[in-house]
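J.: Which chain is which? The protein sequence lines are F and A, in order.
Taking the working numbering, the leading residue of the first sequence gets 322, the next gets one more, and so forth.
Taking the working numbering, the leading residue of the second sequence gets 28, the next gets one more, and so forth.
Cβ atoms here follow ideal geometry from the backbone N, Cα and C, with glycine treated the same way.
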Amino acid sequence: MIKADVQLDAKGLACPMPIVKTKKAMNDVAEGQVLEIQATDKGSVADLAAWSKTVGHQYIGSQEDNGVFYHYIRKCNQEASEVAEKTFAYTATNEEAIVSGATILDVREAAEYAFGHIPGAVSIPMGELAQRMNELQQDEAIYVICRTGTRSDMAAQQLAEAGFTNIKNVLPGMVGYEGELAKEVN
Amino acid sequence: MTVTAWTAAQVARKVIDNKEFFILDVRNADAFEEWKIDGHNFDYVNIPYFELLDGVEEILPQIPTDKDVLVVCAKEGSSIMVADMLSEAGREVGYLAGGMKSWSMYLEPIKVGDLANGGELYQFVRLGKGCLSYMAISEGEAAIIDAVRFTEVFTKFAEDKDVQIKHVFDTHLHADHISGGRHIAEVTGATYYLPPKDAEEVVFDYAPLEDGLTVNIGSSAIEVGALYSPGHTIGSTSFVIDGKYLLTGDILFIDSIGRPDLAGLAEDWVGDLRETLYARYRTLAEDLIVLPAHFMIMDELNADGTVAKRLGDLFAENHGLNVEDEEAFRSMVTDNLPPQPNAYQEIRHVNMGKITPDNDEQTEMEIGPNRCAVR
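(1) Under 7 Å between beta-carbons, which chain A residues line up against Lys344(F)? List them in chain order, please.
(2) Interface residues of chain F around Ser105(A) at Cβ under 7 Å?
(3) Under 8 Å Cβ to Cβ from Gln389(A), same chain only, skipping five residues before and after it: list those, please.
(4) Quick one: complete alpha helix (DSSP H) runs, 4+ long, within the region 344-420 of chain F?
(5) For Tyr133(A), count neighbouring C-beta atoms within 10 Å of its own C-beta (all shown protein chains included) and say buried if the count is 16 or more, exposed if not.
(6) Can you pull the DSSP bridge partners for Tyr255(A)?
(7) Here's the rule: buried if 16 or more other CB atoms are within 10 angstroms of the residue's CB, otherwise exposed. What is Met447(F)?
(8) Quick test of your reading: Ile463(F) and Ala442(F), contact by CB under 8 Å. State the CB separation rounded to the nearest angstrom.
(9) Can you confirm whether Pro384(A), when its beta carbon is compared against all beta carbons of chain F, has any partner nearer than 8 Å?
(10) Whose C-alpha, out of Gln37(A), Ser263(A), Gly208(A) and Asp93(A), is nearest the C-alpha of Phe49(A)?
(11) Under 8 Å between the Cβ atoms of His282(F) and Ala351(F)?
(12) Quick one: using the 10 Å Cβ neighbour count with 16 as the cut-off for buried, is Ser256(A) buried or exposed?
(13) What does DSSP give as the partner residues of Pro319(A) in its beta bridges?
(14) Starting from Thr241(A), trace the beta strand (DSSP E) both ways and give me its first and last residue.
(15) Within its chain, find whatever has a CB closer than 6 Å to the CB of Ala370(F); leave out the 5 residues flanking it on each side and keep chain order.
(16) From the DSSP output, read off the bridge partner residues of His194(A).
(17) Using the beta-carbon of each residue, which ones in chain A are nearer than 7 Å to Asp368(F)?
(18) When you check each C-beta in the region 345-367 of chain F against every C-beta of chain A, which residues fall closer than 8 Å?
(19) Rounded to whole angstroms, what is the Cα-Cα separation between Lys363(F) and His321(A)?
(20) Where Ser265(A) and Leu304(A) are concerned, what is the direct C-alpha to C-alpha distance, given to the nearest angstrom?
(21) Between the C-alpha atoms of Val389(F) and Ala293(A), what's the straight-line distance to the nearest angstrom?
(22) With a 10 Å radius around its C-beta and 16 neighbouring C-beta atoms as the bar for buried, classify Met323(A) as buried or exposed.
(23) From Glu433(F), Gln354(F), Lys407(F) and Cys336(F), pick the residue whose C-alpha is nearest to that of Trp372(F); which is it?
(24) Can you tell me whether Glu29(A) is helix, strand or coil according to DSSP?
(25) Report, in whole angstroms, the separation of the C-beta atoms of Pro368(A) and Gly339(A), which I expect to be a contact under 8 Å.
(26) Strictly below 7 Å CB to CB, what residues from chain A border Thr424(F)?
(27) How would you write the range of the beta strand (DSSP E) that Tyr161(A) sits in, first residue to last?
(28) Evaluate His194(A) with the Cβ neighbour count: other Cβ atoms within 10 Å of its Cβ, from every protein chain shown; 16 or more gives buried, anything less gives exposed.
(29) Is Thr469(F) helix, strand or coil by DSSP?
(30) In chain order, what residues of the same chain have a beta carbon less than 7 Å from the beta carbon of Leu236(A), not counting five sequence neighbours either side?
(31) Helix, strand or coil for Glu135(A) per DSSP?
(32) Buried or exposed for Gln150(A), please, with buried defined as at least 16 other CB atoms from any protein chain shown within 10 angstroms of its CB.
(33) Look up Asn73(A) in the DSSP assignment and say whether it is helix, strand or coil.
(34) If Pro75(A) sits next to Arg54(A), beta carbons under 8 Å apart, how far is it from one beta carbon to the other, in whole angstroms?
(35) Please name the residue in Glu354(A), Ile249(A) and Leu289(A) whose C-alpha comes closest to that of Asp141(A).
(36) Mind the definition here: the region 40-49 of chain A touches the region 59-77 of chain A only if three or more C-beta pairs lie below 8 Å; say whether that holds.
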């Protein structure tokens, strides 16, 4: 099961209802959170992806299990988050992070990680970082990555403030990664 | 304003009669790009339904008021929603009942011509998919060639004409659509024929369709003669009916020729295709009327909606029959081929009897254009 913040049951509904319901449900999803939509209509696969693109949300992916499609969409507000300024001073390129052999910390949501991450990357979603920092060594080299470098920028700052000494923010992030992806979906 | 439900049959009349029509296709852009309702005098706008959830005000200027407007989607639900919204905005519009799914399934039977002794030959035009099936009838008997899977259309037609279906043929193992041949033979007691060279993997019994086989329809003998014509598949077989019609299967179309790669053997079969088109067919009478198993573009339809043309005219006009250089021909039919039809491997397995998907799954497999040709 992939972790999502909000779930929507659209099983048994024919087009256009899965999207009508998704649009409505998105109103109650906070920015950056992931909505899981369960649908049985095959058309929902292409249409939810196209709709997400139209309105600017991030379509993470979908998987089928027993005739039910599980779709994952992350709510985005393009103007705000995508072009946010990155302030953490220590950065590394995707390539530098990969060849370093050091820990790569992926702070995207669990669903984003499940649908494709750098092999070996450790997953701690941004929202859980404060509670789970103790899973990491304060003095080890950690390359923090997200999709576009914004969340990882905030995570890097948070870690540095907590006393971590060897943190780098990876840019451009997963949007610029074209290598092999490890997946946790079928 | 009221919203009218249009049937696929009504839309087919618009296509065949070359009427003006405006289609607002509310499927996503990829689906529209790949496959739509084609008509000579149709205009289109593609706006996905999910961009109209907040209203249709913005698109009203794009919707004409001086011709019939049809809203189309995949199954019908979204087109009803959009049609209702347009109706509330004061527009008179219709939607396609059953959506593209019903369009893909609709067959229009059109008479191609008369056969000797009062016989008749019908072409069943599947406009949405470009498939063509045939029924020859004479003196209470019928033969069917390349039937698509909507078998009741054929059995009902035979009932209406008061004829008994005796022979059911497939010119080859189809890769773009699911054959209805075997099922028709089962329910009517007719004999089902397949070319043995295409049927090596089939898991049911069939009668071998081999070069030179002839069957008669009715007592006064309308002859249906088989002519081995490989190239699209290794078993592909053509038919000459009543000395007047040449049914070419997927070997020769009106504006294109068959592709040799759908069973994965383009390089092996290109020589056969060349031999069939440039040697075997050349020995036939030029006045034969060619009746293919597919059409790809609306320009291949005649004014009456049939897809048929004199063989001699095709020798003169069809590009695929006029490539003198053998190497150029080889490259034309093996390089840069169009994408293969949707689910073509699964469709071949269904036609071999290896898998038996339910009706919905079959519909899903057949979505999209047929793509059996190279131009």
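T.: Looking at the coordinates:
(1) Contacts between Lys344(F) and chain A, judged by CB atoms closer than 7 Å, involve Leu80 in chain order.
(2) Within chain F, the residues near Ser105(A) are Cys336 and Pro337.
(3) Residues Arg176, Ile205 and Val377 of the same chain have their beta carbon placed closer than 8 Å to that of Gln389(A), with the five preceding and five following residues left out of the count.
(4) If only complete runs of 4 or more residues are kept, the region 344-420 of chain F shows the alpha helix (DSSP H) at 364-376 and 399-402, in order along the chain.
(5) Around the beta carbon of Tyr133(A), 16 or more other beta carbons sit within 10 angstroms, so the residue counts as buried.
(6) DSSP lists Thr264(A) as partners of Tyr255(A).
(7) Around the beta carbon of Met447(F), a 10 Å sphere encloses 16 or more other beta carbons of the protein chains shown; the residue is thus reported as buried.
(8) At roughly 11 Å, the Cβ-Cβ gap does not stay under 8 Å, so Ile463(F) and Ala442(F) are not in contact.
(9) Not one chain F Cβ lies under 8 Å of Pro384(A).
(10) Minimum Cα-Cα distance from Phe49(A) among the listed residues Gln37(A), Ser263(A), Gly208(A) and Asp93(A) corresponds to Asp93(A).
(11) Absent from the structure is residue 282(F), since the part of chain F shown begins at 322 and ends at 507.
(12) Classification of Ser256(A): buried, given that the 10 Å Cβ count is 16 or more.
(13) For Pro319(A), which the question treats as bridged, DSSP gives the partners Gly276(A).
(14) First-last of the beta strand (DSSP E) with Thr241(A): Thr241 to Ile244.
(15) Hits under 6 Å: Tyr380.
(16) DSSP output for His194(A) lists Ala170(A) and Thr218(A) as bridge partner(s).
(17) Taking the beta carbon of Asp368(F) as reference, the chain A residues within 7 Å of it are Asn55 and Phe77, listed in sequence order.
(18) Of all residues in the region 345-367 of chain F, only Lys363, Gly364 and Ala367 place a beta-carbon less than 8 Å from a beta-carbon of chain A.
(19) If you draw a straight line from the Cα of Lys363(F) to the Cα of His321(A), it comes to about 28 Å.
(20) Our two residues, Ser265(A) and Leu304(A), have alpha carbons roughly 12 Å apart in a direct line.
(21) It is roughly 38 Å from the alpha-carbon of Val389(F) to the alpha-carbon of Ala293(A).
(22) Of the other Cβ atoms in all chains shown, 16 or more fall within 10 Å of the Cβ of Met323(A); this residue is therefore buried.
(23) It is Cys336(F) whose Cα lies nearest to the Cα of Trp372(F).
(24) Before going further, note that residue 29(A) is Thr rather than Glu in the sequence given. Shown here, Thr29(A) sits in coil according to DSSP, grouped into three states, outside any helix or strand.
(25) 30 Å between Cβ atoms; not a contact.
(26) Here the premise fails: no neighbours, minimum Cβ distance about 40 Å.
(27) Cys158 to Ser165 is the extent of the beta strand (DSSP E) around Tyr161(A).
(28) His194(A) should be labelled buried.
(29) Three-state DSSP puts Thr469(F) in coil, outside helix and strand.
(30) Only Phe196, Tyr220, Leu221, Pro222, Ala253 and Thr264 meet the Cβ criterion.
(31) Of the three classes helix, strand and coil, the one that applies to Glu135(A) here is strand, per DSSP.
(32) When all chains shown are included, Gln150(A) counts as buried.
(33) Asn73(A): strand per DSSP, three-state reduction.
(34) Contact between Pro75(A) and Arg54(A) holds, since their C-beta atoms are separated by about 7 Å, short of 8 Å.
(35) Distance check between Asp141(A) and each of Glu354(A), Ile249(A) and Leu289(A) places Ile249(A) closest, using alpha-carbon atoms only.
(36) With the cut-off at 8 Å, the region 40-49 of chain A and the region 59-77 of chain A touch.
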